[in-house]
Amino acid sequence: MKQLRKIEGWTIEEVAKKIGVSKQTYSHYEHENRRPSLPMIRELAAVYQVNIDAIFAEDVETPNQLDNGKRVESNNELVNGIKNILDKHNMDLSDPKSLELLDSALDLLKRMRNE
């Protein structure tokens, strides 16, 4: 469970709130001092968006990890596309206007991805 929580970037307290238990109770689950009930395991699986088996697995991939892999691929495609545009239009990155345009385009793309 700790790996799942870390992947999501959540604190113990955040997960505890999501599943409706105290911070201490969730900490006991995570450190295997206490076993969660079957309904609680189902709740944990729902919160982490994984199969029940993944709750106790040591190595898991969450949907977010898979999405991150796709993001890396699309970021690489984006970088290659930008390089092609720069080459095609003979843009010089030492030129302040070119850098400003590039920064604006990257900001716009970041905002579009976050929506």
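The opening residue of the sequence shown carries number 3 in this note's numbering; numbering runs sequentially from there.
Where is the CB? At the ideal position from N, CA and C, for every residue including glycine.
For the pair residue 20 and residue 49, the Cα-to-Cα distance works out to about 7 Å. DSSP places residue 44 inside the alpha helix (DSSP H), whose first and last residues are 40 to 50.
Only residues of its own chain outside the window of five on either side were considered, and among them 7 and 28 have a CB closer than 6 Å to the CB of residue 17, listed in chain order. Annotation: the continuous alpha helix (DSSP H) that includes residue 27 extends over 25 to 32. Taking each of 44, 4, 40 and 15 in turn and checking the Cα distance to residue 32, the smallest one comes out for 4. Bounds of the alpha helix (DSSP H) holding residue 18 are 14 to 21. Judged by DSSP in its simplified three-state form, residue 109 adopts helix.
If you draw a straight line from the Cα of residue 42 to the Cα of residue 113, it is about 36 Å long. Sequence-distant partners of residue 57 (beyond 5 residues in either direction) whose C-beta falls short of 7 Å from its own C-beta, in its chain, are 3, 43, 46 and 47.
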